[in-house]
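Just so we're aligned, residue 1399 is where the sequence shown starts under the numbering used here, counting upward by one.
Glycine is no exception: its CB is placed at the ideal position from the N, C-alpha and C atoms.
Down below is the structure, laid out as structure tokens.
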Amino acid sequence: MKFKPTMMVCAMAAALATLGAAQAQTVRIGNQGDALSMDPHSLNESLQLSVTGNVYEPLVTRGKDLQLEPALATGWKQTSPNVWRFELRKGVTFHDGKPFTADDVLFSFARGSGDGSDMKSYTNDIQEVRKIDAHTVEFETKAPFPILPGVLSFFYIMNKQWSEENQATRPVDRRKGVENAASFRANGTGPFRLRERQPGVKTSFVRNGNYWGKIEGNVVNVEYTPIGNDSTRVAALLSGQVDVMEPVPVQDVARVNASGKAKVLQGPELRWIFLGMDQKRDELLYSSVKGKNPFKDKRVRQAFYQAIDINGIQKTVMRGAATPAALLIGPGINGFDPSMDKRLPYDPEAAKKLLAEAGYPNGFEVGMNCPNDRYVNDGNICQAVAANLARIGVKVNLQVETKGTYFPKVLKRDTSFYLLGWSPSTYDAHNVLNALIRCVDDKGSGQFNLGAYCNPKVDELTLKVQSETDQAKRNAMIKEAFTLHSNDVGHLPLHQQALAWGVASHVQLTQRADNQMPFRYMSVKQ
């Protein structure tokens, strides 16, 4: 992609002065994990984007109902099949007082498409970003791209001058452990400013008194604390040490609701949990099989699939707070076809037979990577999968760890078998096809296809899905692409997980199905 132009922090008292009669209300949030960096281009992960999305903003955002709304762009239109024009909001300043202009947009997209960025799947189909004037930019895409505004809704804009002054012109690369000023400091345009960052301990935010838009809630201060232990997190909520916690362990939902001090907000989340396998290397990095890669054989992948007792996991691990899935998308995602959502049957005997046919009658050993503080009961899910696979002779050497070490490892594909969750940020099937299923290249295609599954026909359909404006034709292409992927057993889908936020009685907030938690909607009852 080429980019060519053609043409800190205010004091707390200043922020409070703009609030009128509102009091300096504080909300303390406890989450099982931490945002791994304040750099908005460093990790394409929902929790990371949720936290940094209170400080930084995109051109186009999503409201409470998940519909697209203007943010740093006031309007946008397609001027030709491959060109979108965005009118930028005037009078917006970054937290340090610098004005927001088209130069910041060009800089941010160049930064987000460069080395170290984890946001390339948002930019890989953009050919060029052009500056028309100080408050107008054009995006030229490689092919017609009717869903571009939705794709941009999680791509945040940084200040060019601040980044240059702080030697932060390149993203923090989580794969290499590289840090820079953007890891610990931030200068966005959002409704909250970063006040203090203590990685893994606490991150504090303060309301932006100069925010260009409306902040619906009355919260002034937000303290975000990672609390990895489930019992400790629940105890913190019930004792009043935190006001909001996420997620509530499924076994504690009834206890929280009965406490009289807090309630659990529950609802379906647009996130699917699945397993991936290295299908590229000629020999797995972590396996007893030498000289070949068993996951290249569809029979092995299908054996793993049919060995997993998904209903047992739903009942005993998730306690009903999950819906078994056959695809990497489901209800709520544009292009989902319920007629396709039918899993292969759980059948350990059939799985054993498939392994034997593939040349592994006694099974084999394989390493598996799994986080224990990112998804609902993620570590327990992996333990259940390992137990299921043991019944067909596969010994899983399970490595369960915090997401702070898990993500850098799997994102550089240092894995043979892994668990991942995905919430399509555009609420469209194309996001999954492009980021998770498309063949991997160095431009951002298949950026999270960590096992390097590849079917050229699926790639061809993905490009057509991206450009097609006829919804019936588009849905037919999506169905064909997912049918091919399912027939290949490209990944092992598990389930759609449910949201469970614990909220103290004196706090009001908005729960969105994408698991984003905007501070601007939070209020403390007076």
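If one requires a minimum length of 4 residues, the alpha helix (DSSP H) runs lying completely within the stretch 1838–1892 are 1854–1865, 1869–1886, in chain order. The closest CA to that of Ser1903, considering only Val1783, Trp1670, Lys1661, Ala1754, is found on Lys1661. In the structure shown, Gln1639 adopts coil according to DSSP, grouped into three states. When DSSP reads this structure, Gly1900 sits in a beta bridge with Met1643, Val1662. For Phe1507, the uninterrupted alpha helix (DSSP H) run begins and ends at 1500–1510, by DSSP.
Per DSSP, the unbroken alpha helix (DSSP H) holding Phe1582 starts and ends at 1579–1582. In this chain, the alpha helix (DSSP H) harbouring Pro1806 covers 1801–1809.
The DSSP-derived three-state label of Leu1592 is strand. Ranked by how close their Cα comes to the Cα of Pro1542, the residues Arg1910, Tyr1825, Thr1860 have Thr1860 in first place.
Within the model, the alpha-carbon separation for Glu1644 versus Phe1917 is close to 14 Å.
The beta-carbon distance between Ser1551 and Asn1442, rounded to whole angstroms, is 13 Å. This is too long to meet the 8 Å contact definition.
In this structure, His1439 is the residue among Leu1464, Phe1880, His1439, Glu1621 with its C-alpha nearest to the C-alpha of Val1576.
Assigned with DSSP and collapsed to three states, Ile1524 falls in strand.
Counting other Cβ atoms within 10 Å of its Cβ, Thr1450 reaches 16 or more and is therefore classed as buried. Here the alpha carbons of Pro1624 and Ala1756 stand approximately 45 Å from one another. Looking at the DSSP output, Met1766 shares a beta bridge with Leu1796. In the pairwise beta carbon analysis, the stretch 1613–1627 is classified as not touching the stretch 1483–1502: fewer than three pairs are separated by under 8 Å. By alpha-carbon distance to Ala1469, the top candidate from Lys1801, Asp1695, Pro1759, Tyr1609 is Tyr1609. Per DSSP, the continuous alpha helix (DSSP H) segment holding Ser1444 begins and ends at 1444–1450.
Contact between Thr1824 and Ile1545 holds, with the beta-carbon distance rounding to 6 Å and staying under 8 Å. Ile1708 places its beta carbon less than 8 Å from that of Pro1722. A direct Cα-Cα distance of roughly 28 Å separates Gln1639 from Asp1437.
The three-state secondary structure of Lys1529, taken from DSSP, is strand. Taken atom to atom, the span from the alpha-carbon of Val1922 to that of Gly1665 is near 22 Å. The Cβ atoms of Val1654 and Gly1900 sit closer than 8 Å to each other. Looking only at Asn1522, Met1738, Phe1537, the smallest Cα-Cα distance to Arg1528 is reached by Phe1537. Take Tyr1816, set aside five residues on each side of it, and the residues of its chain with a beta-carbon closer than 6 Å to its own are Gly1674, Asn1767, Val1808, in chain order. DSSP places Tyr1919 in the helix class (H, G or I) of the three-state scheme. Per DSSP, Ile1779 is not a residue of any beta strand (DSSP E); the alpha helix (DSSP H) it occupies stretches across 1776–1788. Assignment of beta-bridge partners to Gly1819 by DSSP yields Ile1671. Around the beta carbon of Pro1769, 16 or more other beta carbons lie within 10 angstroms, which makes this residue buried.
If you ignore the 5 residues before and after Asp1735, its C-beta comes within less than 6 Å of the C-beta of Lys1877, all in its own chain and listed in chain order. DSSP, read as helix, strand or coil, puts Ile1427 in strand. Distance check between Leu1663 and each of Phe1672, Ala1652, Ile1671, Trp1670 places Ala1652 closest, using alpha-carbon atoms only.
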